[in-house]
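Below is one structure, written out as structure tokens; comments come after it.
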Amino acid sequence: MHITMAYLASIGKLYGDGGLFDILTESDVYAEGTARQLLQGKQLARGIRSIKLASEALFRLFWKAMQSWLEKKGKCAITGAQEQLLRDVQHACHGNDKATAQQLICEVETELTGIQNIIKTFIVEGAKQSATFGYWLMFLKGADLLLRILRSEREADFQLHLNSMCEVIPWFRAAGRTNYAKYMPVYVAEMKALEHEQQKHTHSCKKADLLSNGQRITASTVWHWRLIRHWSKPLTEKARVRVELLASHCERQLSQDG
């Protein structure tokens, strides 16, 4: 949890003065004092919610811009059926049945590949044309990383946790959090060695007949006791209204800048 707070504060430091603070306050979603505390990582749950709201608002603008870009290129826009397909995949991936999610992805792999290529092309061209586009695209990636960190904690997914910790290191360096950036690789290395160490411990416990029912201790089972499950609630109606306010404010700002 402490790492999550530090990462949240890193996002706030990198993007607070770059427009994120203004988005949260000028849209009347948060008061200035509250927004300042959220971006400093002092209120974890509310801070996470603010990042989720901002990323949702920006992603709606991203999707709208991509549709306009496709029309200007004379290409077919993303259809309603394709959008529904993406929602189905998203809901399946957010569920607990990973086998069902994997099966659905395999069934629609061809269609997903086509949509993915369109999005990648739009991202590459958008980043070339506008530095601001690339700046906020990186924010969306950072918000996605935050959600993956939370999911690894909620589901006790040890491998996802390690992957997320590796990705978070550049953010700590960019935000000037030297100690986190310095010792995070050491932490990841120790956690990767945990599986081997626990195998040794399991073997010794079996000899002493300390394990009941022959259960095997792995890195994932050990980590399960260290992680806290939380933040599984979807956006409420009130949150959706806030997203609409943020999105409309961002759109007005972009039109004024343009």
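For the sequence shown, UniProt numbering begins at 1 and goes up steadily by one.
Idealized CB from N, CA, C, for every residue including glycine.
Note that the structure is a prediction, hence the values are computed from the model and not measured.
Item, Value
"Segment limits, alpha helix (DSSP H) that includes serine 130", "First-last for serine 130: undefined, no H or E at that position."
"Unbroken alpha helix (DSSP H) run spanning glutamate 71, endpoints", "44-72"
"Spatial distance of residue 275 from alanine 156 (CA atoms)", "Outside the displayed range of the chain (1 to 258) lies residue 275, so it cannot be described from this structure."
"DSSP-derived helix/strand/coil call for serine 212", "Note that serine 212 scores a pLDDT of 39, beneath 50, so its modelled location is shaky; the value from the coordinates is reported in the next line. Three-state result, serine 212: helix."
"Inter-residue spacing [alpha-carbon to alpha-carbon] between tyrosine 52 and phenylalanine 158", "Residue 52 is actually lysine in this sequence, not tyrosine. Going from the Cα of lysine 52 to the Cα of phenylalanine 158 covers about 23 Å."
"Residue burial classification, histidine 161 (beta-carbon count within 10 angstroms, cutoff 16)", "buried"
"Environment of arginine 216 [buried if 16+ CB atoms lie within 10 Å]", "Note that arginine 216 has pLDDT 43, beneath the 50 cutoff, so the model's placement of it is unreliable and the number below is only indicative. Its Cβ having fewer than 16 others within 10 Å, arginine 216 is exposed."
"The stretch 38-45 contacting the stretch 121-134, beta-carbon criterion three pairs below 8 Å", "no"
"From Glu111, Leu112, Gly12, residue whose alpha carbon lies closest to that of alanine 174", "Gly12"
"Of the listed residues Val29, Met165, Ala131, Ile118, nearest to tyrosine 183 (C-alpha basis)", "Met165"
"Inter-stretch contact at 8 Å, needing at least 3 Cβ pairs: the stretch 63-82 / the stretch 19-26", "no"
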